[in-house]
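Undergrad: At the far end of the sequence shown sits residue 259, using our numbering, and the numbering has no gaps. Yeah, the Cβ is synthetic: ideal placement off N, Cα and C, and Gly gets one too. Structure below; questions to follow.
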Amino acid sequence: MRHIALISVLTLVAAGALAAPKPQPAAPQPAAPIQYASDLIARGQKVYRSQCIACHNVDPRKPGSQGPDVFGSSRVLLEARVLTLNYPPGYTPKRMTKNMRALPYLKNDIPALEAFLNTPLP
Ligand code: HEC
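Right, dumping it as structure tokens:
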């Protein structure tokens, strides 16, 4: 009788172990924010201040006199918007106005603008 009790206890323990959730693989870590070179950020800030703040806010996290906040703009968005006045496919614009002008001569400054607009301000 003892043996039977012991066996059933062991069986229950074993069943519990089997039912226990398997350890999950570690969750993927969120991608670390890109660290841009400080000279690229500085150049982007210069370009932004000379070319964009007539309409966008000097603090890109805030809306400007005409343009919306642009902090966090991706490279594809900047290329599409600044160079050709388009939006990337499927992108929902923050504003439906058509007041911006294309600035295609900034072709070589897009990486700097990206760096500036994606680096948290001090
Ligand atoms: C003449 C004013 C003006 C200038 C100069 C200007 N913008 Fe804009 N921008 C706007 C306006 C207004 C919008 C909203 C859409 C529209 O009306 O074209 C906009 C929209 C944008 C958007 C899209 C925002 C979104 O997510 O929907 C980005 C990105 C942007 N501007 C970046 C820039 C950058 C970078 C510069 C400088 C290189 C710049 N703009 C210069 C007026 C301007």
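If you check the beta carbons only, do Tyr224 and Arg232 fall under 8 angstroms apart?
TA: Walking along the sequence shown from the start, residue 224 turns up at place 87. Walking along the sequence shown from the start, residue 232 turns up at place 95. No, the Cβ-Cβ distance between Tyr224 and Arg232 is not below 8 angstroms.
Undergrad: Taking the alpha-carbon positions, what's the Thr229 to Ile190 distance?
TA: Looking up residue 229 in the sequence shown gives position 92. Looking up residue 190 in the sequence shown gives position 53. Those two C-alpha atoms are separated by around 22 angstroms.
Undergrad: Can you tell me the Cα-Cα spacing of Thr256 and Tyr173, whole angstroms?
TA: Looking up residue 256 in the sequence shown gives position 119. Looking up residue 173 in the sequence shown gives position 36. So the two alpha carbons sit approximately 8 angstroms from each other.
Undergrad: Assign Leu254 to buried or exposed, taking buried as 16 or more other Cβ atoms, counted over all protein chains shown, within 10 Å of its Cβ.
TA: For the purposes of this step, residue 254 is identified with residue 117 of the sequence shown, where counting begins at 1. It is buried - the Cβ of Leu254 has at least 16 other Cβ atoms within 10 Å.
Undergrad: Return the CA-CA distance between Tyr242 and Ala169, expressed in angstroms with no decimal places.
TA: Counting from 1 along the sequence shown, the entry for residue 242 is found at position 105. Counting from 1 along the sequence shown, the entry for residue 169 is found at position 32. C-alpha separation (whole angstroms): 32 angstroms.
Undergrad: Which residues in the same chain as Phe208 place their Cβ atom closer than 7 angstroms to its Cβ, once the five residues preceding and following it in sequence are excluded?
TA: On the sequence shown, position 71 is the one that residue 208 refers to. For Phe208, where only same-chain residues beyond five positions count, the Cβ hits under 7 angstroms are Pro197, Arg198, Leu254.
Undergrad: Measuring straight from C-alpha to C-alpha, what distance separates Pro226 and Ala163?
TA: On the sequence shown, residue 226 is found 89 positions in, with the first residue counted as 1. On the sequence shown, residue 163 is found 26 positions in, with the first residue counted as 1. In a straight line, the C-alpha of Pro226 is about 34 angstroms away from that of Ala163.
Undergrad: If distances are taken between C-alpha atoms only, which option among Gly201, Lys244, Ala252 comes closest to Asn236?
TA: Here residue 236 is taken as the residue at index 99 of the sequence shown, counted from 1. Of Gly201, Lys244, Ala252, the residue nearest in Cα terms is Gly201.
Undergrad: Taking the alpha helix (DSSP H) that Leu250 belongs to, which residues open and close that run?
TA: For the purposes of this step, residue 250 is taken as the residue at position 113 of the sequence shown. Note, Leu250: alpha helix (DSSP H), 247 to 254.
Undergrad: Classify Gln182: buried if its beta carbon has 16 or more other beta carbons within 10 angstroms, exposed otherwise.
TA: Residue mapping note: residue 182 aligns to position 45 of the sequence shown, counting from 1. Answer is buried; the Cβ neighbour count reaches 16.
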